[in-house]
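Each residue of the sequence shown is one higher than the last, beginning at -1 in my numbering. All C-beta atoms, glycine included, are put in the ideal place defined by N, C-alpha and C. Given the structure is predicted, the values throughout are model-derived calculations rather than measurements.
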Amino acid sequence: MNKVQKIVDRLLEIYGHPIWKDDDPFRTLIRTILSQNTNSRNTDIASQNLFSRFKTAEEVANTNIDELVDLIRPAGLHNIKARRIKNISKLIMVKYGGDINRVIQKGMDEARKELLDIDGIGPKTADCVLLFAGGYDILPVDTHIFRVAKRLGLAPTHVDHEGVKTALENQIPPEKRGPAHMALISFGREYCRARNPRCEECPFG
Ligand code: SF4
């Protein structure tokens, strides 16, 4: 077993396998956009506000932008995120008849490529949709995972986001990629924080 797998297995012992699924890819997509640059509590509040009012891409696409801004305000960057969410919803209406599932079902590689072609959807967002809504064995890399992977030597120090994703996926068995995503984020929040990491108590210190 390689070093990466040993570390991931230890993390899975600590944090369990807390993978969640959401059958609604539109909700997963919007939630991931809302989560950018904020914590999960603020994301939850904004997400609940939005989805208690709207259920479909069509409803979001047709809403008044000021109402959208107000609903998602708890997530921060609300003006930018509201415009992004509205534009993406419009595109989903025009290009996919309101059903983003039409993209997800194309298979992981093609779906990823097509999602990344949508303005406002970056690699982390695309990969979260593919993992949580599509059920694909993919490992989304967020800011915590990017930092932890470098500090723990799970990926070369010089590689970018895609390089970290490739390094992790090459060494972590497919069925553990989703749980590893969750566990690495938990570890990054709890121990290997950006500032003041808790190295004294770190299980890998
Ligand atoms: S918490 Fe400290 S010792 Fe542990 S992985 Fe992060 S930087 Fe390294």
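Heavy atom of the ligand SF4 within 7 Å of residue i beta-carbon
i: L66; result: no
i: Y13; result: no
i: C190; result: yes
i: F144; result: no
i: G203; result: yes
i: L152; result: no
i: R149; result: yes
i: R196; result: yes
i: C126; result: no
Buried or exposed by the 16-neighbour rule on C-beta atoms within 10 Å, applied to residue i
i: S45; result: buried
i: D158; result: exposed
i: P171; result: exposed
i: T41; result: buried
i: L114; result: exposed
i: V101; result: buried
i: P201; result: exposed
i: S50; result: exposed
i: S38; result: exposed
i: T26; result: buried
i: V146; result: buried
i: R193; result: exposed
i: C197; result: exposed
Exercise for the section: For the segment 153 to 185, list the alpha helix (DSSP H) runs that are entirely contained and at least 4 residues long, ordered along the chain. Expected result: Scanning the segment 153 to 185 for uninterrupted alpha helix (DSSP H) segments of 4 residues or longer gives 159 to 169, listed from N- to C-terminal end.
Exercise for the section: Please determine if the segment 129 to 141 and the segment 60 to 74 are in contact, where contact requires at least 3 C-beta pairs separated by less than 8 Å. Expected result: no
Handout entry: Whole runs of the alpha helix (DSSP H) within the segment 101 to 145, excluding any shorter than 4 residues
Key = 106 to 114, 121 to 126
Exercise for the section: Decide if the segment 9 to 28 is in contact with the segment 160 to 167; the criterion is three or more beta carbon pairs, one per stretch, under 8 Å apart. Expected result: no
Practice task
Counting only runs of 4+ residues fully inside the segment 31 to 104, write out the alpha helix (DSSP H) ranges in chain order.
Solution key: For the segment 31 to 104, whole alpha helix (DSSP H) runs of length 4 or above, ordered along the chain, are 38 to 51, 55 to 60, 63 to 70, 76 to 94, 99 to 102.
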